[in-house]
Each structure stands twice: as structure tokens, then as C-alpha cells.
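Asker:
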Amino acid sequence: MTTMSMQKGVQPVLTIILVLLAAVAPLLMSPSNVQLFIFWGINILLAQSINLLSGLGGQISLGHAAFYAIGAYVSAIFMVRFGFPLYITILLSAAVNALVGFLVSFPAGRVREFYLAMMTLGFGFVIEEIIKEWSSVTGGVMGLSGIPSPKLGTMHLFGIQLNLIHYYWIVFLVVVLMVWMLRNFVQSYYGRSFLAIHRSELSAASIGISPGRVKQLAYTMSACLAGVAGALYAHLMAYIGANSFGMMQSIEILVMGILGGFGTIIGPILGAGFLTFIANKLQFIKDYQLMIYSLLLVISFLFIPRGFAGLLGIRTALSKEKRLQKVKPISEISEVKPVRIPGREARTLSYSPHHKKLKVEGVIKDFGGLRALQHVSLELGQGTILGLVGPNGSGKSTLVNVISGVYPVTEGKISFGKAEITNMPTHAIAGQGIIRTFQDPHNVGNMTVKENLLLGRHQKYRSGIVSCVLNLKSSLLEEQEMLVKVHEMMELCSLAQYSEELVENLPYGVQRMVEVARAILAEPELLLLDEPAAGLSEHEMQELSKLIRYIKSRGISVILIDHHMEFLMGLIDEVIVLDSGKMIYSGDAQGMQTNQQVIEAYLGVANHA
Ligand SMILES: Nc1ncnc2c1ncn2[C@@H]1O[C@H](COP(=O)(O)OP(=O)(O)OP(=O)(O)O)[C@@H](O)[C@H]1O
Numbered sequence: 001m002t003t004m005s006m007q008k009g010v011q012p013v014l015t016i017i018l019v020l021l022a023a024v025a026p027l028l029m030s031p032s033n034v035q036l037f038i039f040w041g042i043n044i045l046l047a048q049s050i051n052l053l054s055g056l057g058g059q060i061s062l063g064h065a066a067f068y069a070i071g072a073y074v075s076a077i078f079m080v081r082f083g084f085p086l087y088i089t090i091l092l093s094a095a096v097n098a099l100v101g102f103l104v105s106f107p108a109g110r111v112r113e114f115y116l117a118m119m120t121l122g123f124g125f126v127i128e129e130i131i132k133e134w135s136s137v138t139g140g141v142m143g144l145s146g147i148p149s150p151k152l153g154t155m156h157l158f159g160i161q162l163n164l165i166h167y168y169w170i171v172f173l174v175v176v177l178m179v180w181m182l183r184n185f186v187q188s189y190y191g192r193s194f195l196a197i198h199r200s201e202l203s204a205a206s207i208g209i210s211p212g213r214v215k216q217l218a219y220t221m222s223a224c225l226a227g228v229a230g231a232l233y234a235h236l237m238a239y240i241g242a243n244s245f246g247m248m249q250s251i252e253i254l255v256m257g258i259l260g261g262f263g264t265i266i267g268p269i270l271g272a273g274f275l276t277f278i279a280n281k282l283q284f285i286k287d288y289q290l291m292i293y294s295l296l297l298v299i300s301f302l303f304i305p306r307g308f309a310g311l312l313g314i315r316t317a318l319s320k321e322k323r324l325q326k327v328k329p330i331s332e333i334s335e336v337k338p339v340r341i342p343g344r345e346a347r348t349l350s351y352s353p354h355h356k357k358l359k360v361e362g363v364i365k366d367f368g369g370l371r372a373l374q375h376v377s378l379e380l381g382q383g384t385i386l387g388l389v390g391p392n393g394s395g396k397s398t399l400v401n402v403i404s405g406v407y408p409v410t411e412g413k414i415s416f417g418k419a420e421i422t423n424m425p426t427h428a429i430a431g432q433g434i435i436r437t438f439q440d441p442h443n444v445g446n447m448t449v450k451e452n453l454l455l456g457r458h459q460k461y462r463s464g465i466v467s468c469v470l471n472l473k474s475s476l477l478e479e480q481e482m483l484v485k486v487h488e489m490m491e492l493c494s495l496a497q498y499s500e501e502l503v504e505n506l507p508y509g510v511q512r513m514v515e516v517a518r519a520i521l522a523e524p525e526l527l528l529l530d531e532p533a534a535g536l537s538e539h540e541m542q543e544l545s546k547l548i549r550y551i552k553s554r555g556i557s558v559i560l561i562d563h564h565m566e567f568l569m570g571l572i573d574e575v576i577v578l579d580s581g582k583m584i585y586s587g588d589a590q591g592m593q594t595n596q597q598v599i600e601a602y603l604g605v606a607n608h609a
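In C-alpha cells, the structure reads:
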């Protein structure tokens, strides 16, 4: 047997042994230790909840205990008042919280950074006040007591009186299930879209990811998870009061996530463990808890920014490739239609044949008193490469920005095919088939090359969230198909050797190539390349030229901004020259070189320089 196959055989056995150990552990522990482990389980859910929202989705939350509180009160009230069983009250807590999270996402999704921090802080205080004031339902400042609890032997499930060990098993099951589903989610295109939005909303939108939708999902799922934790907490304690869900609890949840390592699955589990067990040993300094938590946060930010997970070199992969490889190596998949690559005649690429035409009509763009674009009009047909040139500050990037929806136009109309796209949001324009790159590559730096390229396929995924979270066969097959296309694109762009490297660690030229490859994988009909050759070596520029020719050969139209005339001349079919926002030339490249106005405005400047 090879080492690899031995490892494969050992892994499931190890998992089974660990699960069995965890299952029998409470039988060998004192009740207080069993309770401590239950707290760890509840804290894992809380830490994962903040990890999902802040660590992955990038949405700061300073009032997270509010979701925890809602979950606890919903479960407790439905069991105390209506006698609902535990499994129903947990589901109700999750559902009510999901709804609250969804509603909160609308105002929260509109603000960022400091304002978002203040908003979530306010949300935490509002929920705390409601709990205190709505005494007829919540018990007010006196709290809610008499909640059926396994600790007191007052909770029954399916006719069985539950004790602490039973409850441990329930919490264990819930935590294992939730963490497994969360891992599946993080490794799906949904999870990748969370990180993409976290790193740059604009970049994510440029490949068709809707920031609004991602935030709605992040708040809904995160609240749902905190709701389950709240329900489990309420029944463990038998009593809940507003004080258990204040500012301190919100900070504690944050510390667990950050200290453990945001963006990973293992990190929050470690962070939750650290706080559960250490805090328990430090009861005598409880009065200084806030100070200690604040110190922990500062220490974490300064010395271990990626938390315990970072210290241990743990990173959660953002694709299911490793798992899929175990089933069947990508190279052996026959169900997937091969992606065709130029120069590899045996294959073809399946891009849409319904190419659309770009029409820009009389576009004006003002920035305050500055008119960056003055009545610019152009038309671009299928498979044409249009060069966009002009001196610095002449409005080239602004034109690309208004076409891609980054800036609204002041006046004028832009259409693509039959659709008018003037002032549409960027992700919707990407949905129409217009994909862009940026002057500085806008990849997700803390994702690998392969994961960044998978992001390019985002719009092509069809699997629903349930399918991804439960790893249903259809979603795995789809992921496999996408991976095949990504691998072929890496081959085409000479990126295969960097496949597993984090993009932020790569040379500038490679990062550029990753961004262009990602854009191509989105199967655009129009590609907007803003100075793609800037900072590239001669060899890299040649590689890029080849790639652009390939794009054209697939019938994709390109608008290409660049200052390298030699690079441009070999590629473009048509050219537009801008000067101070005005279009001073439109035609072929040869004509441009002899046009007097262009020579004065642009080439003249270049020569002079
Ligand atoms: N967000 C903005 N706010 C205010 N002014 C802007 C903004 N974006 C661009 N401008 C201004 O609009 C004009 C055109 O800028 P733009 O970046 O489009 O030029 P460019 O031709 O792409 O230049 P370069 O070749 O240097 O990238 C410049 O005067 C610039 O300062």
C-alpha cells in the first residue's frame, strides 16, 4: 500500500475514534465539566456565527449578542408558554433569527466601517432594551425563569427525561452538523463570494457578484446560527436575563472569532475553546473581564492577526477539489465537456454565440466642476478590439467606469445588445456579459490562484444553497466542471504552477494574468481591460498579447486601454483617442498615427516627454 492510500484509510478510522471518544467523554466527567464542554459547543456556534458575518463576509458586528438573545428568548418562550419540544423551539429560534438577520441586512448593507460598527452596536442596545422593557413576554429586568432544563431534570424529549449527558450529546450533534454544513458552504461558490465581497465589493461586483445579496445571506445565516446557540444556552441555564446578552457578550463573541482566526473553520473552534476553558479558570478576575478581552483583541491584532489558526498554519481551502479528487481525479472525469483552448486544436471553448453590440451615445460625466467626459459616443461590434488611448487624465478610465457601472453618467445613454445598461449596478452589468479588469489588479489576495479563478465562474453556478451546504451530488458535479475549466485556463495562461499560491504573494505580472484569466472565465461578451500591460515584463506582455488574440478569436469584443503603443498596435482593430474628455479621433490605428490633432494632443506629449 502506498503512503497516500494508507493515509486515506487512516483518516476515516481516526475520525470515528475521535467521534466515539467525544461521545463517551461525558460518561467519564464530572457534571461541572460536562457543562463546560456544553458551553464550548454553544460558543463554537457563536464564534462560527461571527466568523461567517465578519470573518468571511467582512461585515463588522458589535452587537452580535442581540441575535444570541433573540434565539434564547424565542426558544424559552415557546417551550415555557406553549410547551413546544426542544427540536421545534430550536428550529423556531433559527427561523425567527434568520428573519431578523435578513431585515437587519437592509440598513446594515448600506453602511460600512465606522457607521456599520455604530449601527450594529445600536442594534445590540435596542434588543437589550426591548428585553428589559417588554416584561409581559420576556420577564423584563427580572428575567425569564422556569425554563425546562436538563440540568434540573425538567426537560423531556420523546417521553425521556433529559439529563446533562443527554444534553451534551444533543449539543455535540448540533455542533458537528453545523460545522460540517458551514465547511461545505465556505468551500462552495457562496463561501468564495463572501470573501470576495469582504476584500473588495467593486471587484466582486465586476464579475457579477451582487454585494447586496451576499450581505443579506451573511446576516441571515449568521443570525440563524446565533439563534441556535441562544436556544441551546437558554435550556442549559434554565434562566435567562438581559444581562447575559449585553455589550460584554458581544465583545466575547468577537474575541472568540478573532483570537481563533477569522476566515477559517478550525480557528473559531479553538477561540471558543480558549475563552470557555480559560475564562472558567479566571472567575476571580471577572470584574476585569472587559479589560482582559480588550487586551486580548489588541494582542491578537498586533501579534497574531490571523489568530490561533494562523499560528498553526491552518487555512481553510475555498474549494471542494481535495474532496472531489478523493472521489475521482479531475483528469479522469468524463462527464464534463472539455474546455477548448487555442493552440490545443483538439479542444474548443463553449462561449455564447449571441454576441451583443455596445452603443455609447452622447455620454457626459462630471465630477463636480470637472467634465471628465464630453459627449462621447461609440459603437463596438462582435469580436472587435477597440483601443482607447489619450494622455493622462483624458478620461479613458472614466469611460470604462461608466460603461461598467462604477460611476453613473451625468447625461447620455449606454446600451448593450437590446438592453439599456445606463447606470445599472456593476454586478448587473457583469450579468449582461460586460466584464472588466482594473488598473491595479483587483484579485482577492488571500485566496489562491485557483480560488480566484473559480470566482470568475461565479455567475455560471446554478446549484442552490441547500445543495451546496449538504454537498449534494449535483453541486459536487458542478464544482468539478468548474474546476476543469479553471485548470484548463491556468494551463492556457501559464498559471498552473501558481495554482495553490495565495495571490498576494505573487509577482505583479502574475497577479495581472490572474485577473485577466478570471475575467475570461466569466465568459464575457465584452471585456474591458484597463491598462493590462502596465508593469509587465516584455515576456509577460507577449503572453498577454497572445491571450487577448485568443479572446478575440472566440468572438469576444474588447476595449483596451494602454499607454504602450507597440503593444496596442499589434492588437487593435479600431482606436478612439480622448483628450480632456473629448473624443478627438475615431478610426483605424494607421490613421491615428498621422492625425494632426492626435499628434498634438497625445503623441506630441509622448514625444515631448
Ligand atoms: N472619482 C473621481 N472624482 C473626481 N475626479 C475624478 C474621478 N475619477 C477621475 N477623475 C478625474 O477625471 C479626469 C479623467 O480621469 P481618468 O482617470 O478617466 O483619466 P485617464 O485617461 O484614465 O488617465 P490615466 O491614463 O492617468 O489613467 C481626471 O481629471 C481625473 O482627475
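Those letters in the sequence shown? Residues 1 to 609, per full-length UniProt numbering, in order. Glycine included, every Cβ here is placed at the ideal spot set by N, Cα and C.
Look at L536 and G509 and say whether their C-beta atoms are less than 8 angstroms apart.
Answerer: Taking 8 angstroms as the cut-off, the Cβ atoms of L536 and G509 count as close.
Asker: Assess, as a yes-or-no matter, whether the region 239-254 is touched by the region 78-95 under the definition of 3 or more beta carbon pairs within less than 8 angstroms.
Answerer: no
Asker: Under DSSP, the alpha helix (DSSP H) around I385 begins and ends at which residues?
Answerer: For I385, no alpha helix (DSSP H) run applies; the uninterrupted beta strand (DSSP E) run containing it begins and ends at I385 to V389, by DSSP.
Asker: Along the beta strand (DSSP E) that carries G587, what are the first and last residues, could you check?
Answerer: Taken as a continuous stretch (DSSP letters only), the beta strand (DSSP E) holding G587 covers K582 to G587.
Asker: Check T15 in the structure and name its three-state DSSP category.
Answerer: Helix.
Asker: Who are V406's beta bridge partners in DSSP?
Answerer: Its beta-bridge partners do not exist; DSSP assigns none.
Asker: Less than 8 angstroms between the beta carbons of F194 and A218, yes or no?
Answerer: yes
Asker: When the distance is taken between beta carbons, is S49 closer than 8 angstroms to L225?
Answerer: yes
Asker: Should N392 be counted as a contact of ligand 1 given a C-beta to heavy atom distance under 7 angstroms?
Answerer: Yes, the Cβ of N392 comes within 7 angstroms of a heavy atom of ligand 1.
Asker: If you measure between the beta carbons of S300 and L259, is that distance less than 8 angstroms?
Answerer: Taking 8 angstroms as the cut-off, the Cβ atoms of S300 and L259 count as close.
Asker: Determine the direct distance from the alpha carbon of P507 to that of L28, and round the result to whole angstroms.
Answerer: One C-alpha to the other measures close to 55 angstroms.
Asker: Scan the region 494-539 and note each continuous alpha helix (DSSP H) run of 4 residues or more that stays entirely inside, going in chain order.
Answerer: 508-521
Asker: For K546, which residues does DSSP report across the bridge?
Answerer: Its beta-bridge partners do not exist; DSSP assigns none.
Asker: When every heavy atom of ligand 1 is checked, does at least one fall within less than 7 angstroms of the C-beta of L560?
Answerer: The answer is no for L560.
Asker: Taking 7 angstroms as the line, does the beta carbon of T15 fall inside it for any heavy atom of ligand 1?
Answerer: no
Asker: Give a yes or no on whether the C-beta atoms belonging to V402 and L373 are separated by under 8 angstroms.
Answerer: A contact, by the Cβ cut-off of 8 angstroms.
Asker: I want to check one thing, is the minimum distance from the CB of G124 to the heavy atoms of ligand 1 below 7 angstroms?
Answerer: no
Asker: Near I414, which residues of its chain fall below 8 angstroms by C-beta distance, leaving aside the five closest residues on each side in sequence?
Answerer: L358, K359, V360, E361, V363, V402, I403, E420, I421 and T422
Asker: How would you write the range of the beta strand (DSSP E) that L378 sits in, first residue to last?
Answerer: Following the DSSP letters along the chain, one finds L378 inside the beta strand (DSSP E) bounded by residues L370 to L380.
Asker: Write down the C-beta distance between F245 and A66 rounded to the nearest angstrom, noting that I regard them as a contact closer than 8 angstroms.
Answerer: About 7 angstroms separates the two Cβ atoms, so the contact holds.
Asker: Per DSSP, what kind of secondary structure is L20 in: helix, strand or coil?
Answerer: helix
Asker: Spatial neighbours of Y585 within its chain, please: C-beta separation below 6 angstroms, excluding the five flanking residues on both sides.
Answerer: Around Y585: V577, M592, N595 and V598.
Asker: Name the two residues that bound the continuous alpha helix (DSSP H) containing E488.
Answerer: K473 to L492
Asker: Starting from the C-beta of I16, find all residues in its chain whose C-beta is less than 7 angstroms away, skip the five residues before and the five after it, and write them out in chain order.
Answerer: There are no such residues.
Asker: Would you mind stating whether F102 and T220 have Cβ atoms separated by less than 8 angstroms?
Answerer: The answer is yes: Cβ separation under 8 angstroms.
Asker: Taking just the CA atoms, how far does G230 sit from S75?
Answerer: 8 angstroms
Asker: Hey, is the region 50-63 in contact with the region 285-293, meaning 3+ C-beta pairs nearer than 8 angstroms?
Answerer: no
Asker: Under the DSSP definition of a beta bridge, which residues are partnered with L560?
Answerer: Here L560 is bridged, per DSSP, to G387 and L529.
Asker: If you count every other CB in all the chains shown that lies within 10 Å of the CB of Y115, and 16 or more means buried, which is it?
Answerer: exposed
Asker: From what residue to what residue does the beta strand (DSSP E) around F367 run?
Answerer: Taken as a continuous stretch (DSSP letters only), the beta strand (DSSP E) holding F367 covers L358 to F367.
Asker: Does the distance from the C-beta atom of L324 to that of V255 stay below 8 angstroms?
Answerer: no
Asker: With burial defined as no fewer than 16 other Cβ atoms inside 10 Å of the residue's Cβ, what is the status of A23: buried or exposed?
Answerer: Classification of A23: exposed, given that the 10 Å Cβ count is below 16.
Asker: Could you give the first and the last residue of the continuous alpha helix (DSSP H) run that contains E600?
Answerer: Per DSSP, E600 belongs to no alpha helix (DSSP H) and is neither H nor E.
Asker: Along the beta strand (DSSP E) that carries S416, what are the first and last residues, could you check?
Answerer: Rather than Ser, the amino acid found at residue 416 in this sequence is Phe. Its beta strand (DSSP E) spans residues E411 to F416.
Asker: Secondary structure at residue 610, three-state DSSP: helix, strand or coil?
Answerer: Given that the chain is displayed from residue 1 to residue 609, the structure contains no residue 610 and the question cannot be resolved.
Asker: Can you list, in chain order, the residues of its chain whose CB lies under 8 angstroms from that of V100, leaving out five sequence neighbours each side?
Answerer: F67, I70 and A223
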